[in-house]
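In our numbering, the protein residues as written are 4 to 616. Backbone N, C-alpha and C define an ideal beta-carbon position, used for all residues, glycine too. Everything below concerns the one structure shown next.
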Amino acid sequence: MNFPSLALLKGGDARTHATSLSEDPTAQNRAAGWTRSLSLRLAVMLSIAMVPLGLIAVDQTVRLQKEVNTSNNLSLQALTAEFAQEEREIIKSAFASAETLALSVPEIAHDLSRCSSLMRRFISTTDARYSFAGFLPQDGVMACASSGGTIDYSENPDFPDWMRRPKREIRVNSYGPVAGSAVLIISEPVFASTGVFLGNQIIHVPHDRIDQQFQTKLGERPLDLVTVSAEGEILSASGARETALERLPIDLTLSELISIHDGQIEAKNAAGEVRLFSIVPILSDTFYVIGSWDPEGISLAQETSALRYLFLTPALFPILMWLVSLVLIYVALDHQVVRHLRVIGLQMRQFASSRVLPDVQTNGLMPHELEVIQNQFTYVAEKLLHDEAHLFDAMHDKDVLLKELHHRVKNNLQLISSIISMQMRRTRNQVTAAALKTVNQRVTSMATVHQTLYQASELGQVQANDLLRDVVRPLTELAPTTAPVPKIDITLDPVVLYPDQAVPLALLTVEAATNALKYLGVDKAGNRWVRVSLKTIEDGRVCLMISNSTNDETDFEDEGTGLGSQLIRGFARQLECSPEITEGEDSYAISVTFDTLPFDSEDTGKTGIEDED
Numbered sequence: 004m005n006f007p008s009l010a011l012l013k014g015g016d017a018r019t020h021a022t023s024l025s026e027d028p029t030a031q032n033r034a035a036g037w038t039r040s041l042s043l044r045l046a047v048m049l050s051i052a053m054v055p056l057g058l059i060a061v062d063q064t065v066r067l068q069k070e071v072n073t074s075n076n077l078s079l080q081a082l083t084a085e086f087a088q089e090e091r092e093i094i095k096s097a098f099a100s101a102e103t104l105a106l107s108v109p110e111i112a113h114d115l116s117r118c119s120s121l122m123r124r125f126i127s128t129t130d131a132r133y134s135f136a137g138f139l140p141q142d143g144v145m146a147c148a149s150s151g152g153t154i155d156y157s158e159n160p161d162f163p164d165w166m167r168r169p170k171r172e173i174r175v176n177s178y179g180p181v182a183g184s185a186v187l188i189i190s191e192p193v194f195a196s197t198g199v200f201l202g203n204q205i206i207h208v209p210h211d212r213i214d215q216q217f218q219t220k221l222g223e224r225p226l227d228l229v230t231v232s233a234e235g236e237i238l239s240a241s242g243a244r245e246t247a248l249e250r251l252p253i254d255l256t257l258s259e260l261i262s263i264h265d266g267q268i269e270a271k272n273a274a275g276e277v278r279l280f281s282i283v284p285i286l287s288d289t290f291y292v293i294g295s296w297d298p299e300g301i302s303l304a305q306e307t308s309a310l311r312y313l314f315l316t317p318a319l320f321p322i323l324m325w326l327v328s329l330v331l332i333y334v335a336l337d338h339q340v341v342r343h344l345r346v347i348g349l350q351m352r353q354f355a356s357s358r359v360l361p362d363v364q365t366n367g368l369m370p371h372e373l374e375v376i377q378n379q380f381t382y383v384a385e386k387l388l389h390d391e392a393h394l395f396d397a398m399h400d401k402d403v404l405l406k407e408l409h410h411r412v413k414n415n416l417q418l419i420s421s422i423i424s425m426q427m428r429r430t431r432n433q434v435t436a437a438a439l440k441t442v443n444q445r446v447t448s449m450a451t452v453h454q455t456l457y458q459a460s461e462l463g464q465v466q467a468n469d470l471l472r473d474v475v476r477p478l479t480e481l482a483p484t485t486a487p488v489p490k491i492d493i494t495l496d497p498v499v500l501y502p503d504q505a506v507p508l509a510l511l512t513v514e515a516a517t518n519a520l521k522y523l524g525v526d527k528a529g530n531r532w533v534r535v536s537l538k539t540i541e542d543g544r545v546c547l548m549i550s551n552s553t554n555d556e557t558d559f560e561d562e563g564t565g566l567g568s569q570l571i572r573g574f575a576r577q578l579e580c581s582p583e584i585t586e587g588e589d590s591y592a593i594s595v596t597f598d599t600l601p602f603d604s605e606d607t608g609k610t611g612i613e614d615e616d
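In structure tokens:
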């Protein structure tokens, strides 16, 4: 239920009240209010106070960074040599293991089961340092392998070259069939006791293991390590192996780069970064470790976003100090002011949604100014509840009076109907009795309308579909019972109307339905029917249609002479529309289409029903 605003309850004008709000200087300065925020002012003051500390921190950080860069430049070659030594040890260890297996293979090469078992035991005891071990004979069919299967290398175009060089070798395979990734292939020649070359002992060293060792030791240090062969193949890398070549100098070929033994060079890579490179050999003229890093952070801005670059510069410390100050300001304001305002706002929302008075707890922690605001709100809330209680009582009294009014009107109409019924029973003139019966039907329909109104939960709104169903159903008893039995079809959409429209609509429906039953005929199919429909149309329009079956023998009233037609036109004028009549070969329909209007408290005094000469 809608209630007037407090301004109207106090006798104020809503328009004047809105004007006074628009002229409020606080509302006019609200757009620039954030500049007067206490949080902002304190943040600015603390930021200014921390400027000297920030400058000192930046200076110290810059000096420290220069010293670190100098130290990194001096230690780059040593670090690269350290990684080269570790990878050298991995390769030497692999050759030593292959040599050990090569000594055992000649004795068991003919026994494939023992040979494969030896390879499997070797792989299982190496703690994942190697992914595969096997003996490759001269025919190229490897049946002695840790994988347990048979691998045919005879179709490999490089196989004849492998067998022509009975010496230890190291090769690179971008995809190891067992490891599923790139591997280093360690090859050790196997000779019989007579010195005859039998084949090669093969061991696979996964690149991932070397890469992981690089990454583990590097940690967060901005260094990049790449292991390359003399032929230009990438063996391992601390980063993505697919982009390793892009991280090498763009102006130097790989052969030119690896020719710089135990030296350093500053050059641009394919990504346009200026980096310091150091080259250290692993195996003489075979494999090399190339280490690089950004000596001065020149490429940092190109590789990272501006925000990340800012946080990696000496400005990080003052920024952190500024953020810490903002956090402290926020905590202080939240503890002293904001959390109390949040409680008051929650109480206001709770009161606005459920009309529950706030639970005021005066524990002494709330500042005095905010406590005054809370007390004033509590007073206003209590006053509003008191005024609303009076308003509810007044509205309840109004509802009771309106219901009583509709109830008395209904009783009076029923009394008139009873008097007309008594008169009908006393008269002997059939014409007079028929006229009284028609009048009685109309009075009964009006009584039904008022009964529906005082029984409605919302007196200002009427469910029109329920009202029409209540007034039409009693009329169906007046339908002729002669064969064929008429079919009554009622189709009503849910429509809510105000009483000013619901009452004339119901009375119009009664008159139209009465006429339809009165002039009911048999259609071409031999049926008799009456249809009453209420349809909603877009844009808030409603269409009521009453139609019935007819035939050539049906005798209608002359238009403008019957009381029913006159009443229908009068009720239609109350709905601000005109009835439309549609006559078919075996049907007759009358319809009205009108706009649903809001309640108008001003009574125009027009009934829509006028006498016609």
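Exposure of residue i, with buried meaning 16 or more beta-carbon neighbours within 10 Å
i    : result
H399 : exposed
M425 : exposed
S149 : buried
S678 : Nothing can be reported for residue 678: it is not among the residues displayed for the chain, which extend from 4 to 616.
Y382 : exposed
E92  : exposed
V71  : exposed
Q88  : exposed
L600 : exposed
A34  : Residue confidence for A34 is low, a pLDDT of 47 falling below 50, so the modelled location carries little weight and cannot support an answer.
R212 : buried
N518 : buried
K170 : exposed
G202 : buried
V475 : buried
Where the alpha helix (DSSP H) containing residue i begins and where it ends
i    : result
E391 : H371 to R429
P163 : F162 to R167
E172 : Per DSSP, E172 belongs to no alpha helix (DSSP H); it is in the beta strand (DSSP E), E172 to N176.
R244 : Here R244 belongs to no alpha helix (DSSP H), and DSSP marks it neither H nor E.
L279 : Per DSSP, L279 belongs to no alpha helix (DSSP H); it is in the beta strand (DSSP E), V277 to L286.
S552 : S552 -> not in any alpha helix (DSSP H); beta strand (DSSP E) instead, spanning R544 to S552.
K440 : Q433 to Q458
I261 : L257 to I261
I347 : R342 to S357
L471 : A467 to V475
Cα-Cα separation between residue i and residue j, rounded to whole angstroms
i    : j    : result
A270 : L255 : 9 Å
T103 : I205 : 12 Å
F574 : C580 : 9 Å
N176 : S74  : 37 Å
A437 : M427 : 8 Å
V340 : S328 : 18 Å
L405 : Q458 : 11 Å
F162 : T83  : 35 Å
L470 : T479 : 15 Å
T596 : A516 : 17 Å
E541 : I419 : 41 Å
E110 : F194 : 11 Å
Simplified DSSP assignment, three categories, for residue i
i    : result
V513 : helix
A148 : strand
H210 : helix
R534 : strand
L58  : helix
T64  : helix
S232 : strand
E579 : coil
Y333 : helix
S116 : helix
G202 : strand
T596 : strand
T197 : coil
Endpoints, the beta strand (DSSP E) within which residue i is located
i    : result
E586 : E583 to E586
Y156 : That residue, Y156, is in no beta strand (DSSP E); it is neither H nor E in DSSP.
Y291 : F290 to W296
L523 : Here L523 belongs to no beta strand (DSSP E), and DSSP marks it neither H nor E.
G137 : F135 to P140
D492 : K490 to L495
Best match in the options for proximity to residue i [C-alpha to C-alpha]
i    : options                   : result
S594 : L106, V277, K440 and S550 : S550
V208 : D130, T539, T585 and G143 : D130
Q454 : T599, P502 and T494       : P502
S232 : L248, F290, V330 and E249 : F290
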